[in-house]
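Keeping their order, the protein sequence lines are chains A and B. Position 416 of the first sequence, counted from 1, bears residue number 501 in our numbering, the numbering being contiguous throughout. Position 158 of the second sequence, counted from 1, bears residue number 243 in our numbering, the numbering being contiguous throughout. Worksheet: one structure, shown below.
Number of protein chains: 2
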Amino acid sequence: MKEEKSLMGITVKKEEDFSEWYNQIILKAELADYAPIKGCMVIRPNAYSLWQNIQDYFNRVIFGMGVRNAYFPLLIPESFFKKEAQHAEGFAPELAWIEKKSDECEERLAIRPTSETIMYDSYSKWIRSHRDLPLRINQWCNVMRWEVSQTKLFLRTREFLWQEGHCVYAAEDECSRETLLYLDEYRKLCEDMLAIPVIAGEKTKKERFAGAKQTFTIEALMPDGKALQMGTSHNLGQNFAKSFGISFLDENGNSSHAWQNSWGFSTRLIGALVMVHSDNKGLIMPPRIAHTQIVIVPILFEDTKEKVLKEAGRIASNLKKAGLSAFVDSRDNLSAGWKFNEWELKGIPLRVEIGPKDLAKEQAVIARRDTSEKKPVKISSLAHECQKLLEEIQDNLLNRARKFLESSIAEAKTWPEFKDAIVKRKMVFAYHCEEKECEESIKEETTATSRCIPFTPKSKEGLCVKCGSEAKRKVYFAKSY
Amino acid sequence: MKEEKSLMGITVKKEEDFSEWYNQIILKAELADYAPIKGCMVIRPNAYSLWQNIQDYFNRVIFGMGVRNAYFPLLIPESFFKKEAQHAEGFAPELAWIEKKSDECEERLAIRPTSETIMYDSYSKWIRSHRDLPLRINQWCNVMRWEVSQTKLFLRTREFLWQEGHCVYAAEDECSRETLLYLDEYRKLCEDMLAIPVIAGEKTKKERFAGAKQTFTIEALMPDGKALQMGTSHNLGQNFAKSFGISFLDENGNSSHAWQNSWGFSTRLIGALVMVHSDNKGLIMPPRIAHTQIVIVPILFEDTKEKVLKEAGRIASNLKKAGLSAFVDSRDNLSAGWKFNEWELKGIPLRVEIGPKDLAKEQAVIARRDTSEKKPVKISSLAHECQKLLEEIQDNLLNRARKFLESSIAEAKTWPEFKDAIVKRKMVFAYHCEEKECEESIKEETTATSRCIPFTPKSKEGLCVKCGSEAKRKVYFAKSY
Chain A
86 MKEEKSLMGI TVKKEEDFSE WYNQIILKAE LADYAPIKGC MVIRPNAYSL
136 WQNIQDYFNR VIFGMGVRNA YFPLLIPESF FKKEAQHAEG FAPELAWIEK
186 KSDECEERLA IRPTSETIMY DSYSKWIRSH RDLPLRINQW CNVMRWEVSQ
236 TKLFLRTREF LWQEGHCVYA AEDECSRETL LYLDEYRKLC EDMLAIPVIA
286 GEKTKKERFA GAKQTFTIEA LMPDGKALQM GTSHNLGQNF AKSFGISFLD
336 ENGNSSHAWQ NSWGFSTRLI GALVMVHSDN KGLIMPPRIA HTQIVIVPIL
386 FEDTKEKVLK EAGRIASNLK KAGLSAFVDS RDNLSAGWKF NEWELKGIPL
436 RVEIGPKDLA KEQAVIARRD TSEKKPVKIS SLAHECQKLL EEIQDNLLNR
486 ARKFLESSIA EAKTWPEFKD AIVKRKMVFA YHCEEKECEE SIKEETTATS
536 RCIPFTPKSK EGLCVKCGSE AKRKVYFAKS Y
Chain B
86 MKEEKSLMGI TVKKEEDFSE WYNQIILKAE LADYAPIKGC MVIRPNAYSL
136 WQNIQDYFNR VIFGMGVRNA YFPLLIPESF FKKEAQHAEG FAPELAWIEK
186 KSDECEERLA IRPTSETIMY DSYSKWIRSH RDLPLRINQW CNVMRWEVSQ
236 TKLFLRTREF LWQEGHCVYA AEDECSRETL LYLDEYRKLC EDMLAIPVIA
286 GEKTKKERFA GAKQTFTIEA LMPDGKALQM GTSHNLGQNF AKSFGISFLD
336 ENGNSSHAWQ NSWGFSTRLI GALVMVHSDN KGLIMPPRIA HTQIVIVPIL
386 FEDTKEKVLK EAGRIASNLK KAGLSAFVDS RDNLSAGWKF NEWELKGIPL
436 RVEIGPKDLA KEQAVIARRD TSEKKPVKIS SLAHECQKLL EEIQDNLLNR
486 ARKFLESSIA EAKTWPEFKD AIVKRKMVFA YHCEEKECEE SIKEETTATS
536 RCIPFTPKSK EGLCVKCGSE AKRKVYFAKS Y
């Protein structure tokens with residue numbers, strides 16, 4: 086038994102080899118596995134059920150905002166990419182073309198890297214009048230971007246799962262307002278459900294989505310000092326409407342091009358969750374998104390086994406009645422200690438232990454995954470106590486991550502300060518001219534990229550930390566995934 | 086307004102041009118649209134929400150059976166197809182290869198037509214001991230089969246959405262038993278939720294899934310006399326376990342190959358729902374799967390508008406409190422009659438009309454979509470009455486379809502009887518030798534194929550309706566989609 090356990094556990098420390106530690110958590114907690122094709126991954130049930138919980142939560146949010154789900158084709162004709170010049174340029178290098186041709190026109194077909202073009206072709210047929218607007222459609226699907234950089238499970242794979250929302254409006258201000266509303270829902274998803282604090286803001290010109298007028302983002306900071314883009318919302322203006330002929334007759338019978346936004350997040354959120362919350366024992370799932378919140382481990386001895394298992398079952402059903410997800414690990418070929426280790430590795434937020442001695446005292450022992458604190462609790466108040474502790478764990482995970490984020494931001498007034506902070510794995514906040522060339526030179530020298538320009542009220546102007554020219558706003562920079 | 090209405094409605098009759106009628110329902114009820122790539126389709130929100138309801142229902146069912154969802158890669162290496170010879174042969178003609186190669190071995194990659202091979206490669210790594218079994222995994226995804234036959238929205242498209250369940254067992258009998266359990270859950274989904282009666286049974290050798298030991302199916306009959314395969318469950322025996330090296334150590338430390346099944350249904354269920362239940366006014370959604378069960382249409386006059394809208398809103402919120410899905414169509418640019426037609430076209434099972442005269446009598450008028458019956462109901466008992474009527478509609482749709490199915494089955498004792506019944510668009514039940522060549526000659530002469538061998542107790546033997554040789558069982562034949 087001992088051997089099995091040591092085989093299973095995490096063998097490196099988070100603070101010593103972050104990258105290997107991350108991979109071990111993913112593989113050993115059975116969240117994902119490498120696929121036999123380079124750049125692809127298998128999302129195993131332990132991670133897919135987190136993705137389902139994210140989907141359920143986010144569907145409720147967007148349905149309330151008037152969005153409906155749909156499904157558009159996987160394959161996109163070559164000519165579609167060419168309709169919006171910047172968009173085509175942005176995605177061309179990463180397209181996976183198929184050998185079959187479209188029957189009608191012998192045109193090449195690519196697997197979607199994103200669905201603006203194929204969706205907007207349909208939109209141009211469906212939208213005729215201002216009464217057809219706003220049109221708000223979202224799709225959950227797989228996309229493919231044939232990157233050459235090294236695979237990182239959940240964070241950089243050629244195929245990934247995501248949602249992409251694509252809305253059309255009659256009025257520019259409605260479009261702009263909702264672009265930010267979706268971004269704010271992303272922030273809430275990350276902070277309230279995943280317990281990951283983010284910085285929201287606008288992308289610089291250089292980092293803007295191919296074809297967008299403005300791109301907005303939420304950025305999180307991983308424990309190794311690298312930023313991770315958690316979701317983006319693009320104000321497309323009328324760019325695509327003009328390229329794809331999406332126009333409508335207004336109330337006075339005049340024809341206008343429509344206004345559009347698109348917004349997406351992907352399964353990389355699960356990678357972020359793992360990096361931010363896990364420790365050297367394994368994963369820690371935030372209770373609100375966990376597929377299982379509580380594992381009940383009965384302490385089994387031959388003579389009391391039956392009684393203890395029965396009580397464990399009763400506890401599980403009471404917890405379920407209270408709306409919590411719980412199960413009993415009744416396997417009899419493994420020791421209680423082995424089970425503790427397994428469920429700690431797999432990240433279940435609360436463990437309830439119950440043995441014959443506890444039973445005699447009408448109590449059980451609750452152990453928190455995040456702090457390792459243990460305490461005995463009367464069985465009669467177990468459901469209430471678990472509910473309270475799960476909320477505490479959720480809050481604690483968010484607060485811990487927020488403290489780390491706040492302590493990792495460094496303001497830089499000079500270029501040496503900037504470089505020094507990046508070396509120290511900080512996220513740097515500094516005046517920047519927002520010019521593409523200057524940003525490129527920053528990346529060349531430090532490998533850091535601009536993450537976002539926050540929505541804080543405009544402060545007084547300053548000088549660009551790199552080139553010294555006039556700068557209107559401060560920008561966050563960091564190395565990133 | 087009149088013009089708009091006539092533009093929107095169905096312009097052919099179900100009994101006169103079934104195929105054109107079907108297409109008009111799909112397009113005009115905004116269930117789907119043709120994609121710009123031949124053989125592909127866009128699933129619009131009105132149909133996708135039916136698919137979501139099917140997913141929610143079926144997830145609850147399989148989660149209860151110990152199945153968990155996961156996601157495997159879209160692309161499959163060429164060598165994988167070759168590992169199971171029959172499987173390779175079955176799918177080779179329909180594969181869409183991509184131009185990019187796998188980096189490691191310069192191997193060709195195809196878009197999945199089904200996922201046995203890519204999933205079982207992972208299974209062979211994950212399964213070591215009898216304690217890893219049973220392994221029950223399902224995935225919801227898109228698949229691609231490059232067929233050359235003509236596109237039919239929902240029924241025959243190159244890309245479609247489906248679920249595929251793939252389970253592994255230590256024991257043959259457990260595998261066999263569960264293969265039939267999943268089939269029975271498909272039957273329940275069709276009959277209880279979609280109100281479509283089916284015939285369950287086994288496929289003949291000729292119609293068996295490529296690589297399976299046995300294939301089981303549920304078959305429905307469309308109003309034009311063509312059968313539609315609604316879902317299949319395959320007992321794979323040890324075929325794939327041997328090709329992919331899926332073996333486990335049993336309790337005594339001996340290594341054995343595992344036993345497997347796979348089972349799937351697709352978005353073609355939505356096509357079946359449309360064909361079976363719709364009429365010349367449009368779609369009829371079975372209440373249990375409908376995205377919207379009740380539309381409330383207020384009858385608006387200038388002086389009473391405010392009062393009537395307020396009451397309509399109150400009714401909607403009461404219906405929602407009773408667990409029903411309802412909304413108020415408060416658009417003021419359309420007449421009530423126009424709205425009646427629109428929601429009939431889109432298949433909402435119940436309509437509640439409320440005008441000033443009704444209000445005075447504290448009543449509303451309920452109209453059933455399936456029978457067109459209308460009756461006044463006291464507002465205080467509206468929720469209860471709607472609940473009752475929705476159940477009645479669900480039952481009525483199923484009974485109607487069952488009557489049609491039963492009256493469409495013809496037993497054939499002789500070959501002329503067989504041919505005559507097929508010409509008359511019947512589903513034929515006849516003794517058959519189950520030999521591939523004989524079945525092929527039946528298809529050649531009649532275009533009918535075998536649908537299934539039902540699970541009825543074995544009757545006495547007979548003579549094959551076609552070749553006259555000994556036949557052990559009776560088989561259903563029909564033309565099919």
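C-beta atoms are modelled at their ideal positions from N, C-alpha and C, and glycine is treated no differently. Predicted model only: the values in this text are computed from it and were never measured.
Residue environment, residue i, which counts as buried when at least 16 other CB atoms sit within 10 Å
{"i": "residue 143 (chain B)", "result": "buried"}
{"i": "residue 242 (chain B)", "result": "buried"}
{"i": "residue 206 (chain B)", "result": "buried"}
{"i": "residue 233 (chain B)", "result": "exposed"}
{"i": "residue 91 (chain A)", "result": "Model confidence at residue 91 (chain A) stands at a pLDDT of 46, short of 50, so the residue's coordinates are unreliable; what they give is reported in the following sentence. Exposed: under 16 other Cβ atoms inside 10 Å."}
{"i": "residue 406 (chain A)", "result": "exposed"}
{"i": "residue 455 (chain B)", "result": "buried"}
{"i": "residue 193 (chain B)", "result": "buried"}
{"i": "residue 235 (chain B)", "result": "exposed"}
{"i": "residue 324 (chain A)", "result": "buried"}
{"i": "residue 158 (chain B)", "result": "buried"}
{"i": "residue 461 (chain A)", "result": "exposed"}
{"i": "residue 445 (chain A)", "result": "exposed"}
{"i": "residue 339 (chain B)", "result": "exposed"}
Pairwise C-alpha distance: residue j and residue i
{"i": "residue 483 (chain B)", "j": "residue 304 (chain B)", "result": "15 Å"}
{"i": "residue 168 (chain B)", "j": "residue 168 (chain A)", "result": "43 Å"}
{"i": "residue 494 (chain B)", "j": "residue 283 (chain B)", "result": "12 Å"}
{"i": "residue 249 (chain B)", "j": "residue 329 (chain A)", "result": "36 Å"}
{"i": "residue 140 (chain B)", "j": "residue 245 (chain B)", "result": "15 Å"}
{"i": "residue 552 (chain B)", "j": "residue 320 (chain B)", "result": "29 Å"}
{"i": "residue 357 (chain A)", "j": "residue 332 (chain B)", "result": "35 Å"}
{"i": "residue 554 (chain B)", "j": "residue 548 (chain B)", "result": "5 Å"}
{"i": "residue 251 (chain B)", "j": "residue 221 (chain B)", "result": "6 Å"}
Closest by C-alpha distance to residue i, when choosing among the options
{"i": "residue 359 (chain A)", "options": "A:126, A:101, A:135 and A:96", "result": "A:135"}
{"i": "residue 226 (chain A)", "options": "A:356, A:451, A:432 and A:350", "result": "A:350"}
{"i": "residue 272 (chain B)", "options": "B:290, B:348 and B:562", "result": "B:348"}
{"i": "residue 565 (chain A)", "options": "A:369, A:311 and A:508", "result": "A:311"}
{"i": "residue 501 (chain A)", "options": "A:513, A:302, A:492 and A:491", "result": "A:513"}
{"i": "residue 105 (chain A)", "options": "A:238, A:437 and A:151", "result": "A:238"}
{"i": "residue 416 (chain B)", "options": "B:370, B:381, B:122 and B:490", "result": "B:381"}
{"i": "residue 209 (chain B)", "options": "B:496, B:236 and B:165", "result": "B:165"}
{"i": "residue 420 (chain A)", "options": "A:263, A:278 and A:383", "result": "A:383"}
{"i": "residue 32 (chain B)", "options": "B:174, B:472 and B:507", "result": "Given that chain B is displayed from residue 86 to residue 566, the structure contains no residue 32 (chain B) and the question cannot be resolved."}
{"i": "residue 561 (chain A)", "options": "A:526, A:546, A:530 and A:511", "result": "A:511"}
{"i": "residue 534 (chain A)", "options": "A:108, A:313, A:255 and A:201", "result": "A:313"}
{"i": "residue 309 (chain B)", "options": "B:400, B:391, B:541 and B:102", "result": "B:102"}
{"i": "residue 425 (chain B)", "options": "B:457, B:526, B:441 and B:397", "result": "B:457"}
Partner residues on chain A for residue i, Cβ-Cβ distance less than 8 Å
{"i": "residue 184 (chain B)", "result": "181, 182, 183 and 184"}
{"i": "residue 231 (chain B)", "result": "185"}
Neighbour flag for residue i against chain C, beta carbons, 8 Å
{"i": "residue 253 (chain A)", "result": "The chain labelled as chain C is not found among the protein chains of the depicted structure, namely A and B."}
Beta-carbon neighbours of residue i, restricted to chain A and to distances below 7 Å
{"i": "residue 157 (chain B)", "result": "127"}
{"i": "residue 246 (chain B)", "result": "156"}
Within chain B, the residues that residue i reaches when beta carbons sit closer than 7 Å
{"i": "residue 118 (chain A)", "result": "207"}
Cross-chain neighbours of residue i in chain A, by beta carbon under 9 Å
{"i": "residue 194 (chain B)", "result": "122 and 181"}
{"i": "residue 162 (chain B)", "result": "121 and 122"}
Contact list for residue i against chain B, beta-carbon separation under 8 Å
{"i": "residue 130 (chain A)", "result": "153, 154, 155 and 222"}
{"i": "residue 134 (chain A)", "result": "153 and 154"}
* Within the chosen definition, does the stretch 214-225 of chain B reach the stretch 113-120 of chain B through at least 3 CB pairs nearer than 8 Å? -> no
* Asked: Okay, do the stretch 177-188 of chain A and the stretch 203-220 of chain A touch, 3+ Cβ pairs below 8 Å being the bar?
  -> no
* To do: Report yes or no: do three or more beta-carbon pairs, one from the stretch 374-382 of chain A and one from the stretch 428-437 of chain A, lie closer than 8 Å?
  => yes
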